[in-house]
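Here the structure is laid out as structure tokens; the discussion comes afterwards.
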Amino acid sequence: LAWPHLAPDAGAAGEVHQAVAPLSRRLHAALPWNAAALRAAMAEPAPATATVALPEDSSGSAVHVHSLLAAYPGVYNVAITFRVPADGRWTIGLAPPGAALAWLDGQPWPSAELQHGPIAADQALPAGAHVLHVALAVAEEGERLRYLIGRAPADARPVAQAADATQGPPLAALRALLAHPAGAARQAWGTLFERNLAADLLDLALARGAAEVGAAIDRVAASIPGHVGALLLDVERQLAAGNGQLALQQAGRLSGVAETSGWFEGRWLDGRERSDVHLARARALQAAGLPDLAMRHAAAAARGAGGRCRPWLDALSIAVDAGRGHEVWQPGDMQALRAACRDEARLPTGLHAVRSVQAAHGKAADLDAWLGPPTARPARWRLAMEAGDVGPAPQWLAEGQWTAVWRQVQAAWLGGDPGRAQALLDGVLLRPDMPIAAKQKALLVGATPPWRPFVREGLALARLPDDPGWSEGARTAWLLDQEILVLLPGGGALRRVHQIARVLRDEAAEAVGEVRVAEGAELELARTLLPDGSAVPPADISDKSAVSLRAVAAGCAVEFAQVAWVHPDDAATGATWHAPFLLQSADAPLRISELVVLVPAGVPVQFDRSPSAPSARVVAAGAWTAHVFTTRDLPAVAQEPRAIRPERHVPSVTVRAAASLSALLEPWDERLAVAQAAPTLPLRQWLDDVRAANPGGDGRQRWRHLARRIARDIEHDHGGGPPGDPNATLAQGKGDRAALFYTLARLAGADACLVRANALVRDGAPEVPDPADFSMQLVVVPLPDGASLWYDPGLEGGVVDHVRSGLRGRRGYVVGCHRADRTVVVPALGVGLDLRDIAVDLQWAGDGAVTGTVTETLYGATAAYVGGWLAEASPQDRAKLPAQLAGGVFPGMDLTLVETASHPDGGALRIRYGVAGKPDAARARTLDLGLFPSEIGKTYAVLERRQTPLSFGFAQDLRVRVAVHSAAGPMTTPPAAQGEHRLLAWSRRAHAEGDNLTMEFRLQAEAGVVAAGQYAAFSRVARGADAAEVVRLAR
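Count along the sequence shown starting at 1, add 520, and that's the number in this note's numbering.
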């Protein structure tokens, strides 16, 4: 028996799934037969499959085996491969042994109950191997995992008849099957009670999001009031929502089940104390400010952990939060912890608690010795603790630190000392050791907002007379555009945005009358300010995502303010870089634009001011230093299209807090390491395919094979920012191609690097670059011969050693590999290889009819892309190819595909199609043709002059040769013309001989930056190319 495929449902954000586990030495000790004999029977176990020789029972008619799955709650598709010795009718079923063996906390734990029904009854099967797909739902109840198995919508079938034995029904179909109220999965259990319990637990396993989980918990609790699993989940839910009293109330209902489970829960293991019950009660008591009672249950949970990692660490964390870690930690516990947590995936959370206790006992060195050198630690450990530096605090630590402060605040209030309570709350914002979640709570319950001295009064600003110049074309005007940025010790920031807009025309009322609240932000103020000085509240602010203002008309002003938290673990910036604040608007004139940056002591900050930005006014504001940048009475400034760093050409300020090159690169290093540490089965299957490709070659064919497969199977929709998850990319069929290529190359043994390259639109990066400056991704792989291979995910067709024109010669940094020098320059790969060579041969009849052929020869990346598309396109889609290649070239004529062929010299692709135009009096004297227009001038030269550099992102190498044969006399010869710029060159030549005319048009363009001073010359060349691309032939 083999379980070769366990595919988790990756559809819901936040769900974590673990693939099938290979049999290991530690697992064998839990099996009911001799571990050594079983290990000897294993046949080269692969990472995802364990195949064993199976002992038969005495009847000889069935085979029994314990199969061990490691799983988190969710829905899975399991493919079971088995063999029958002879033709016949076979009954296939899955049943648990006396005590089903499950995995919990990374270790086998005999506490799961397996709800099951018939899988395939009395089915005729021929002799040989077969595959059966089973739907598996896993629900978690405290310390127990409950498996619910239902038959997938497919019979067992011979492996030879399955295109891929590991691919079963889509997970969406399995979810629908399990969720169907009258489906086989829910009707398989015998009694009504069993069916109801299974249905409730299935709902819990299928739940997505907090609302669905909460509803499922409520149903279980309503149908079985004493259900331990439901009570435990409800305690966690109430604690997460901040409902401490409800959590305590539910935890109190657990008092009768602290040692054994209820009659409906099934047999418990030797009546052992349930550590999950003790932990739930401890958390609830701790949140209620009862540390002594909480510690009593935490100690009981530690005693009942039974050598399991997660309950032990959870108990320790509660004790550390209460400042009483010594009551759980005992001498010699390090050895027990080391044995329990060897393979624990959730270990990083507990490392914080362990380090706190070890430091208190002066034994931090013991922990470091256990973890080993930083380079040898698993990636998930390095994220939590690197060379003694603790990473972002986990949620339980945030809750514990805040709870201690909150108890002191409450004591001060009860003792009649509101000043001390206020000082405690205000001090939370200034503590670098206090997590950002605690700072959020402090503000919520009364900490003084640091921005309060800098808040401007909206009614006073609205009463000031308007500038007479505003009436000249403007629809609205900004009375105030203010941002207050509060930098927080320990990382993170607060951003408060306050805006007041005057409505100058009635038609603008609709545009400004709807206020959108940014995701994750809190709306502080929204109102309409009337000309008489009164204020009108909004119609409704219940949903907090969009607010409709009332009484908005010309002469009124609309005012709103919102506050957003910037978390220090933000994947893109780590709250280190903040977006530029523009002190001049592009859409309206303004009265006051202001940026206030509040900086606490000890937080290094840099201000990058544009040349026209004002200097800062620095003032003291309590424990903060305020840097205030203000502009007044500025007109609207037009934004130029395709501008490079437009913020540099208006008054603007960019704020950086503790920015450094390591802060830019290390988050990407860590994300890439995590992806390699936990490859899913699909990723391992791709890895096997990579390893099998060209094993004896120089490596180029292997990476070319991978690039082509990614181009064929994966849609590239990664828009920049941190690397995407390659496992999610494979599961969804779209995502970050570069991260997928990089991860597979690393897993295959290559010292590959991901390259963050500087995009054209971010040209001129400062000395300490912004993450947005280096958002373009490439991959470089060293080859055995000392050369390097480059992969550009933005190129279709799966080509390698070819990069887009706009990336050639750009600066970059390598991440995810060991390099002393992290800087790199992208080589100019692909120059001169993307030629598009077109030959047109036309017959122009006297009645205006036109016939002819077009032969296009494509090279380089373009040939690879079009060739790949042709290989998969249907005949109907292939017929549309000429129109896509020559749209607008032959107006009023029909195009018909004739043939496509690859050149024997490799790489090039030839496409031939016919042109046919019916007799037309309008074409009897003149014939309009396009020379395959690119319209560069229409796209990039729309302005007469520029103040900002232009990002010219176009690349083309085009040669068009046209031969026209006239049946009604000679034709006029179009004049020769040409134009040339550093990035763009074109020429057109024509020659007439009798009734025949030949033309040649050549256009070459490379992507690059056009400086403002060079724009006039560039625009002349670009517009000239547009004019030369269209010709009118006259007889």
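Don't be surprised by glycine CBs; every beta carbon is placed ideally from N, CA and C.
What residue range is occupied by the uninterrupted beta strand (DSSP E) comprising residue i?
{"i": "residue 1147", "result": "1144-1154"}
{"i": "residue 1004", "result": "996-1007"}
{"i": "residue 1511", "result": "1504-1513"}
{"i": "residue 990", "result": "Premise fails: residue 990 is in no beta strand (DSSP E) and is neither H nor E."}
{"i": "residue 1296", "result": "1296-1302"}
{"i": "residue 1516", "result": "1516-1525"}
{"i": "residue 1305", "result": "First-last for residue 1305: undefined, no H or E at that position."}
{"i": "residue 490", "result": "Outside the displayed span of the chain (521 to 1555) sits residue 490, for which this structure offers no information."}
{"i": "residue 1450", "result": "1446-1450"}
{"i": "residue 1018", "result": "1013-1023"}
Which first and last residues belong to the alpha helix (DSSP H) in which residue i is found?
{"i": "residue 1537", "result": "1535-1548"}
{"i": "residue 1392", "result": "1380-1392"}
{"i": "residue 1261", "result": "1257-1267"}
{"i": "residue 1324", "result": "No alpha helix (DSSP H) contains residue 1324, which DSSP labels as neither H nor E."}
{"i": "residue 1346", "result": "Segment: none, residue 1346 is in no alpha helix (DSSP H) and carries neither H nor E."}
{"i": "residue 815", "result": "811-823"}
{"i": "residue 1209", "result": "1201-1212"}
{"i": "residue 968", "result": "Unbroken run through residue 968: none, as it is neither H nor E."}
{"i": "residue 948", "result": "938-948"}
{"i": "residue 1229", "result": "1220-1233"}
Going by beta-carbon coordinates alone, are residue i and residue j separated by less than 8 Å?
{"i": "residue 1267", "j": "residue 1202", "result": "no"}
{"i": "residue 1355", "j": "residue 1220", "result": "no"}
{"i": "residue 1097", "j": "residue 1179", "result": "yes"}
{"i": "residue 817", "j": "residue 807", "result": "no"}
{"i": "residue 1103", "j": "residue 1151", "result": "yes"}
{"i": "residue 1430", "j": "residue 1373", "result": "no"}
{"i": "residue 1388", "j": "residue 1314", "result": "no"}
{"i": "residue 1301", "j": "residue 1189", "result": "no"}
{"i": "residue 1148", "j": "residue 1137", "result": "yes"}
{"i": "residue 1472", "j": "residue 1530", "result": "yes"}
{"i": "residue 825", "j": "residue 755", "result": "no"}
{"i": "residue 1218", "j": "residue 1305", "result": "yes"}
{"i": "residue 1041", "j": "residue 1067", "result": "no"}
Nearest to residue i by alpha carbon, out of the options?
{"i": "residue 1175", "options": "1014, 932, 1252", "result": "1014"}
{"i": "residue 1505", "options": "1255, 1294, 1522, 1224", "result": "1522"}
{"i": "residue 1556", "options": "842, 824, 823", "result": "Because the chain here runs from 521 to 1555, residue 1556 falls outside it and cannot be looked at."}
{"i": "residue 1552", "options": "961, 1445, 1512", "result": "1445"}
{"i": "residue 1290", "options": "1182, 1133, 1254", "result": "1182"}
{"i": "residue 1482", "options": "1508, 1499, 1036, 1134", "result": "1508"}
{"i": "residue 980", "options": "941, 1051, 1008, 1012", "result": "1051"}
{"i": "residue 1167", "options": "1128, 1153, 1185, 1184", "result": "1128"}
{"i": "residue 773", "options": "759, 1256, 1442, 751", "result": "751"}
{"i": "residue 1511", "options": "1484, 1501, 1502, 1532", "result": "1484"}
{"i": "residue 766", "options": "1229, 800, 1292", "result": "800"}
Once you ignore the five residues that flank residue i on each side, which residues in its own chain have a CB closer than 8 Å to its CB?
{"i": "residue 1550", "result": "1448, 1449, 1450, 1451, 1453"}
{"i": "residue 1195", "result": "1243, 1245, 1246, 1247, 1259, 1263"}
{"i": "residue 1545", "result": "1454, 1456, 1457, 1499, 1504, 1506, 1523"}
{"i": "residue 1073", "result": "1023, 1026, 1029"}
Counting only beta-carbon separations shorter than 8 Å, does residue i have a partner in chain D?
{"i": "residue 1535", "result": "This model lacks chain D altogether, as it is built from one protein chain only."}
Leaving out the 5 sequence neighbours to the left and right, which residues in its chain are closer than 7 Å to residue i when beta-carbon positions are compared?
{"i": "residue 485", "result": "Beyond the ends of the chain as shown, which are 521 and 1555, falls residue 485; an answer cannot be given."}
{"i": "residue 1070", "result": "1048, 1056, 1058, 1059"}
{"i": "residue 1489", "result": "1515, 1555"}
{"i": "residue 1438", "result": "1369"}
{"i": "residue 1210", "result": "1222, 1226, 1264, 1268"}
{"i": "residue 1038", "result": "1082, 1084"}
{"i": "residue 946", "result": "967, 968"}
Using a Cβ-Cβ cut-off of 6 Å (strictly less than) and excluding sequence neighbours within five positions of residue i, which residues of its own chain qualify?
{"i": "residue 1359", "result": "1375, 1481"}
{"i": "residue 1440", "result": "1368"}
{"i": "residue 809", "result": "927"}
Run the proximity test for residue i: is its beta-carbon closer than 7 Å to any non-hydrogen atom belonging to the ligand COA?
{"i": "residue 799", "result": "As for the ligand COA, it is missing from this structure, which has no ligand bound."}
Open item on the list: Three Cβ pairs or more, each shorter than 8 Å: is that satisfied between the region 1341-1352 and the region 1452-1471?
Closed with: Taking 8 Å as the limit for Cβ pairs, the verdict is that the region 1452-1471 does not touch the region 1341-1352.
Open item on the list: Taking contact to mean 3 or more Cβ pairs, one atom from each stretch, closer than 8 Å, check whether the region 1525-1538 and the region 1323-1331 are in contact.
Closed with: Segments in contact, yes.
Open item on the list: Would the region 962-970 count as touching the region 1065-1078 if we require 3 or more Cβ pairs under 8 Å?
Closed with: Touching, no.
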